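Accompanying notes for the structure given below.
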Amino acid sequence: MGKFSAETVLELMPRTTVLGCVPSMLRTVFAHPPQSGDRLRMVLTGGEGLDRALTETLSARHPGAGVYDLYGLTETGAADFCLGPADAAGTGTIGRPTENVIARLGPAEQAVDADSGELLIRSPYGMLGYLDNPELTQASFTDGFFRTGDLARMRADGYVEIVGRIKEIISRGGNKIAPAEIDLVLSHHPAVAAALCAGVPDPRLGESVHAAVVLKPGAHTDAAELKAWAASRLERFKVPEAIHIVPALPQGPTGKALRSGVAALARATIAGDRT
């Protein structure tokens, strides 16, 4: 399939045993009624976080399929971490490093708390450097470890939690906020299928928090209820100033959910309110 199409995936699904995709693609597919017949035995996901709501939907529609959530980079390998079907204890994490991969946390100015830092990876499957760009190569490695640009926490059991991208950290009134934490809280609401947050320029706070939310088919809620849900589970400064209920999350050309698209949506909404 040259280009992702939910209709094509649904047409092929009764004959498919292994499916590889990013979670945003699954959400788009699951917005349609399932086809009869189910031979799916393995689902490989990656590229963005796999939330609990989507995992539950996947298990309900394809109970015989084992789900493997992969974390990797072009520079280090496609599967530096793997969260498999037996890793229920790792829900909300990317799992543990795969064989021969070593991970640790490095310092990061944008760290959101004392336990977080930049995820560093050393892998025998990774690149040696960037072609004809020694300056970028030098800046991308620390003591042989590749700097991923992801903020993370490492749990005592070895599971790693991704807090957010360093460049995506929201600075609201001096507080550093990892948008992925808010995504997770909103996605756990019973009516929510997916959520994505971003920082939007604010003249008073520097940045304010906006969220785009997709509801499950047939579900009903509003921004006020979702704010109350977030307020009961997050520190006050992390609660979104605005929640936009949308039919689908903004996506990039590869099908990944696009956080910058949430910021663009918020700016357009603010501009419309002023006219």
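Taking our numbering, I'd label the letters of the sequence shown as residues 25 to 299.
Even glycine gets a Cβ: it sits at the ideal position worked out from N, Cα and C.
Computed from a predicted model, the values in this text were never measured in an experiment.
Unbroken alpha helix (DSSP H) run spanning glutamate 205, endpoints = Against the sequence shown, residue 205 aligns to sequence position 181. Residues 203-211.
DSSP state of valine 270, grouped into three classes?
Position 246 of the sequence shown holds residue 270. Coil.
- Task: Use the C-beta contact count for alanine 217: other C-beta atoms within 10 angstroms, 16 or more gives buried, fewer gives exposed.
- Result: Position 193 of the sequence shown, counted from the first residue, corresponds to residue 217. The residue in question, alanine 217, is buried, as its Cβ has 16 or more Cβ neighbours within 10 Å.
At the level of alpha carbons, what is the spacing between glycine 153 and alanine 77? Position 129 of the sequence shown, counted from the start, is the residue given in the question as residue 153. Position 53 of the sequence shown, counted from the start, is the residue given in the question as residue 77. Using only the alpha carbons, I get a separation of about 38 Å.
DSSP-derived helix/strand/coil call for proline 214: Within the sequence shown, the letter at position 190 stands for residue 214. Here proline 214 sits in coil by DSSP.
- [ ] Alpha carbon to alpha carbon, how far is leucine 129 from glycine 141? Give it in angstroms, no decimals.
- [x] One-based indexing of the sequence shown puts residue 141 at position 117. One-based indexing of the sequence shown puts residue 129 at position 105. Near 5 Å, if we compare the C-alpha coordinates of leucine 129 and glycine 141.
Exercise for the section: Using only alpha-carbon positions, find the residue among Arg189, Leu229, Leu74, Gly197 that is nearest to histidine 212. Expected result: For the purposes of this step, residue 212 is taken as the residue at position 188 of the sequence shown. Of the candidates Arg189, Leu229, Leu74, Gly197, the one whose C-alpha sits nearest the C-alpha of histidine 212 is Leu74.
* Asked: Is it a yes or a no for the stretch 230-247 touching the stretch 260-270, going by three-plus beta-carbon pairs under 8 Å?
  -> yes
**Message:** Taking the beta strand (DSSP E) that glutamate 231 belongs to, which residues open and close that run?
**Reply:** On the sequence shown, position 207 is the one that residue 231 refers to. Here the beta strand (DSSP E) through glutamate 231 covers 230-239.
With H, G and I counted as helix, E and B as strand and the rest as coil, what does DSSP make of glutamine 162? Within the sequence shown, residue 162 is the residue found at index 138, counting from 1. The answer is helix: DSSP assigns glutamine 162 an H, G or I state.
Discussion item. Checking 8 Å against the spacing of the C-beta atoms, do alanine 222 and serine 284 come in under that value?
Written reply: For this step, residue 222 is matched to residue 198 along the sequence shown. For this step, residue 284 is matched to residue 260 along the sequence shown. The answer is yes: Cβ separation under 8 Å.
Discussion item. If I follow the unbroken alpha helix (DSSP H) through phenylalanine 54, where does it start and stop?
Written reply: Working through the sequence shown from its first residue, we reach residue 54 at position 30. Run containing phenylalanine 54: 47-54, per the alpha helix (DSSP H) assignment.
Which one of His86, Leu50, Thr69 has the shortest CA to CA distance from arginine 63?
The residue you call residue 63 lines up with position 39 of the sequence shown. Looking at the Cα atoms, His86 is the closest of the given residues.
ask   = Are the Cβ atoms of leucine 258 and isoleucine 206 separated by less than 8 Å?
value = As a working mapping, residue 258 is identified with position 234 in the sequence shown. As a working mapping, residue 206 is identified with position 182 in the sequence shown. Cβ distance < 8 Å, so leucine 258 and isoleucine 206 count as in contact.
Lysine 27 - DSSP class collapsed to helix/strand/coil: For this step, residue 27 is matched to residue 3 along the sequence shown. It is coil, neither helix nor strand.
Buried or exposed (CB count within 10 angstroms, at least 16 for buried), arginine 146
Residue 146 sits at position 122 when you count from the first residue of the sequence shown. Answer is buried; the Cβ neighbour count reaches 16.
Quiz item: For methionine 37, which of helix, strand or coil comes out of DSSP?
Solution: Taking the sequence shown and counting its residues from 1, one reaches residue 37 at position 13. Looking at methionine 37 - three-state DSSP - the assignment turns out to be helix.
query: Are the Cβ atoms of glutamine 59 and leucine 97 separated by less than 8 Å?
result: Residue numbering aside, residue 59 sits at position 35 when the sequence shown is read from its first letter. Residue numbering aside, residue 97 sits at position 73 when the sequence shown is read from its first letter. Not closer than 8 Å, so no.
message: Taking the alpha-carbon of alanine 30 as reference, which of His56, Leu143, Val125, Leu155 has the nearest alpha-carbon?
response: Residue 30 sits at position 6 when you count from the first residue of the sequence shown. Of the listed residues, the one whose Cα sits closest to alanine 30 is His56.
Does alanine 77 come out as helix, strand or coil in the three-state DSSP assignment? Against the sequence shown, residue 77 aligns to sequence position 53. Note: alanine 77 maps to helix in three-state DSSP.
To the nearest whole angstrom, what separates the beta carbons of phenylalanine 169 and leucine 144, a pair I think is in contact under 8 Å? Taking the sequence shown and counting its residues from 1, one reaches residue 169 at position 145. Taking the sequence shown and counting its residues from 1, one reaches residue 144 at position 120. Right, the Cβ-Cβ distance comes to about 4 Å (below 8 Å), so this counts as a contact.
| message | Can you tell me where the alpha helix (DSSP H) holding alanine 248 begins and where it ends? | response | Your numbering for residue 248 matches position 224 in the sequence shown. Counting along the chain, the alpha helix (DSSP H) containing alanine 248 begins and ends at 247-255.
Pick from Gln275, Thr278, Lys280, Glu265: whose alpha carbon is nearest that of threonine 293? Numbered from 1 along the sequence shown, position 269 holds the residue referred to as residue 293. The option with the nearest alpha carbon to threonine 293 is Glu265.
TODO: Helix, strand or coil for glutamate 265, going by three-state DSSP, please let me know.
DONE: As a position in the sequence shown, residue 265 is number 241, starting the count at 1. In the structure shown, glutamate 265 sits in coil (DSSP, three-state: anything other than H, G, I, E or B).
- Query: What distance in whole Å lies between the Cβ atoms of valine 286 and leucine 220, which are believed to be in contact at a cut-off of 8 Å?
  - Reply: Sequence index remark: in the sequence shown, residue 220 carries index 196 (1-based). Sequence index remark: in the sequence shown, residue 286 carries index 262 (1-based). Leucine 220 to valine 286, Cβ: 5 Å. Contact.
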